[in-house]
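Heads up: the structure comes next, in structure tokens.
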Amino acid sequence: MSLRRFWQRKPKVLAAGGQADQGILVFANTSEVIRAEKVLRAEGWPIKVMGPPPGIQSGCDLVIQFPLMKKLELLRILTENRLSPLQAVPVTGPLLKPVDLFQVKDFGRYLMVRAANMKLTVDKETRMIVNVSGGGCPDVPYLAYQLVGQTLEAAPRPRDLGHTVCGYALQLAFEEMERLCSR
Amino acid sequence: MLAVVGTIPDEELPLVAGPVTVDGQFLVIQGHKVPISRGTAGLLAAAATCLEVLRKPAPFAFLVGDIGRGQGSSRLYEYLTLNLGRYQFSTLTFHYVLPIVDWHNRVLFAVQEMAERPRLIADAGFMYVAKMSGQAPEYDLFTPDAGELAFLADEEAPHPFYTRGFILHEDNQVPELIARAYAYDNAARHLLVKGQKDYVATKEGIVATIAEPVTEALEPIGGTGDSLTGIVSALIAAGFDIVLAAILAARVNRVAGYLAHPTPATNLREIVNQIPAALKLVLKEHHGKGK
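Below, the structure is given as structure tokens:
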């Protein structure tokens, strides 16, 4: 391997977006992002979970995009909930947009929903989760162990147990499955 | 010898390094029993089963408990960085590990300190971080599914969660996605793309497709990709050429799935149980063709 090439590779610059009045909250790990999102959404904040700009990507990341003018108020709420972001800074680079497309496959008795790289399969008759597949982060086998065999109503939410971007994707698949099964 | 690096969803499991054996529904490593289920345990069960049929040494594993918090993964990265240089393996497969670019690069440096460079295989989180670090061409084989292939083909996505919509996969786009992944140096030297149809590819293009038998119910079953990575790792460690190993492994995984008569609710263990019969059948078929 060429060592020079090894270290010269940098994340590539992404397409620009209009985010001048927006800030990002950066946390130590994805678990804290997931907790903060839950707290802020419960309070009705217009936030978005996004991918970090290239300069601060480390591997398995999420950040929270928020209205920059509301920074102090938002930080106070986070502090009250024992959440301390590492940084609350203006958006300096384009953020990555999470996958928002779902793919649904009907196996007759079973229904599978895929969100990004995560798949969730439910028995339509019993509403029981029968399989979780896809993903590559270490909480995926753990989430599979916790969810499989539970009904949609009784199962823990992936958001409450997950710690990674894959766990977050599974939460999206779970929500879409709930929506489809409530029809 | 094959070595496998990965995590187990049990925070009580300390970092262990040693040979792995299969005992019923468990893997046994350094006195610890690990249930065989999807993830790295499934990969190891499939690999150990194949190696036993092939009468080759049992796989060696570097495992640690991690439920996604990352502490276990960090310990594993550190251990590999400090110790990998004193081991010798013919094949080294990286699997479920929290993707952290800086640690990944250090592990790759540690691989260079090994007396002989092993064949490097990556799947799951380690494949994600290998791509994100820009080091994909250093690997001999990646085993993505169609969605993960779209991530490899998207030169800007650091994780499959951020794959851009216009690249997001449809199975009929696989050849284009393979070409795009290679065009941006985001693929290993060989790809085994698992899906409705499995593809084996190199930078020069697709060298084989494997489409039979078709068992629709395998797609939602957690771990069928892990078993495929385990089978191909075992075959490569047993001495098969990478392209041939990938073709045979895809076929073995499909036949094992078919023999298990699965539904979308089937457990991976039922498929692993069929691997010995499937492997013997596929090898017999292969040897028959060679005559």
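Same order as they appear, the protein sequences are chains A and Y. Residues in the first sequence are numbered from 144 upward in steps of one, following the working numbering. Residues in the second sequence are numbered from 578 upward in steps of one, following the working numbering. Just so it is clear, CB atoms sit at the ideal spot from N, CA and C, and this is done for glycine as well.
Query, Result
"Here's the rule: buried if 16 or more other CB atoms are within 10 angstroms of the residue's CB, otherwise exposed. What is proline 317 (chain A)?", "Checking the sequence, you will find phenylalanine at residue 317 (chain A) rather than proline. By the 10 Å Cβ count, phenylalanine 317 (chain A) comes out buried."
"Would you list the one or two residues that DSSP bridges to leucine 263 (chain A)?", "A:Val256, A:Val275"
"Taking its Cβ as the centre, do 16 or more other Cβ atoms sit within 10 Å of glutamine 151 (chain A), making it buried, or is it exposed?", "Only weak support exists for where glutamine 151 (chain A) lies, its pLDDT of 41 falling under 50; the value from the coordinates is given anyway. Burial call: exposed."
"Could you work out which residue in Y:Leu590, Y:Cys627, Y:Pro591 is closest to valine 599 (chain Y) when comparing CA atoms only?", "Y:Cys627"
"Check the C-beta distance from glycine 583 (chain Y) over to tyrosine 673 (chain Y) and give it rounded, since I have them as a contact under 8 Å.", "5 Å"
"Which residues in chain A have a C-beta closer than 8 Å to the C-beta of serine 650 (chain Y)? List them in chain order.", "Pro281"
"Just checking: is the beta-carbon of phenylalanine 170 (chain A) within a distance shorter than 8 Å of some beta-carbon in chain Y?", "no"
"Sorted by chain position, which residues of the same chain lie with C-beta nearer than 8 Å to arginine 270 (chain A)'s C-beta, five sequence neighbours on each side aside?", "Thr294, Leu295, Glu296, Cys324"
"Tell me the DSSP secondary structure of phenylalanine 250 (chain A) in three-state form.", "coil"
"When you compare the CB of threonine 235 (chain A) with every CB in chain Y, is at least one pair closer than 8 Å?", "no"
"Which parts of the segment 657-698 of chain Y are runs of the beta strand (DSSP E), unbroken and 3 residues or longer, counting only runs that do not cross its ends?", "668-671"
"Which word fits glycine 282 (chain A), buried or exposed, when buried means at least 16 other C-beta atoms lie within 10 angstroms of its C-beta?", "According to the sequence displayed, residue 282 (chain A) carries aspartate and not glycine. Flag for aspartate 282 (chain A) reads buried."
"Can you list the residues of chain Y that phenylalanine 317 (chain A) reaches, using a CB-CB cut of under 9 Å?", "The premise fails here: phenylalanine 317 (chain A) is roughly 14 Å from chain Y at the closest Cβ pair, so nothing lies under 9 Å."
"Would you please verify whether the beta carbon of lysine 214 (chain A) is less than 8 Å from any beta carbon of chain Y?", "no"
"Let me confirm a value: glycine 743 (chain Y) is counted as buried when at least 16 other C-beta atoms fall within 10 Å, else exposed. Which label applies?", "The sequence shown places phenylalanine at residue 743 (chain Y), rather than the glycine named in the question. Per the 10 Å Cβ criterion, exposed."
"Just to confirm before moving on: does the CB-CB distance between proline 195 (chain A) and valine 206 (chain A) stay below 8 Å?", "yes"
"DSSP on isoleucine 787 (chain Y), reduced to helix/strand/coil?", "strand"
"Taking 8 Å as the threshold, find out whether the segment 724-743 of chain Y comes into contact with the segment 255-269 of chain A through three or more Cβ pairs.", "yes"
"Compile a chain-ordered list of the residues in the segment 661-690 of chain Y whose CB is closer than 8 Å to at least one CB of chain A.", "Tyr673, Val674, Leu675, Pro676, Ile677, Val678, Asp679, His681, Asn682, Leu685, Gln689"
"Can you check whether the C-beta of glycine 198 (chain A) is within less than 8 Å of a C-beta belonging to chain Y?", "no"
"Look up alanine 158 (chain A) in the DSSP assignment and say whether it is helix, strand or coil.", "Confidence at alanine 158 (chain A) is low in this model, with a pLDDT of 33, below 50, so the placement of that residue should be treated as unreliable; the coordinate-derived value is given next. In this structure, alanine 158 (chain A) counts as coil in the three-state DSSP scheme."
"Measure from the C-beta of serine 276 (chain A) to each C-beta in chain Y and report whether the shortest distance is under 8 Å.", "yes"
"Using a Cβ cut-off of 8 Å (strictly closer), state whether methionine 255 (chain A) contacts chain Y.", "yes"
"If you follow the alpha helix (DSSP H) that proline 196 (chain A) is in, where does it begin and where does it stop?", "Proline 196 (chain A) -> no alpha helix (DSSP H), and no H or E assigned at all."
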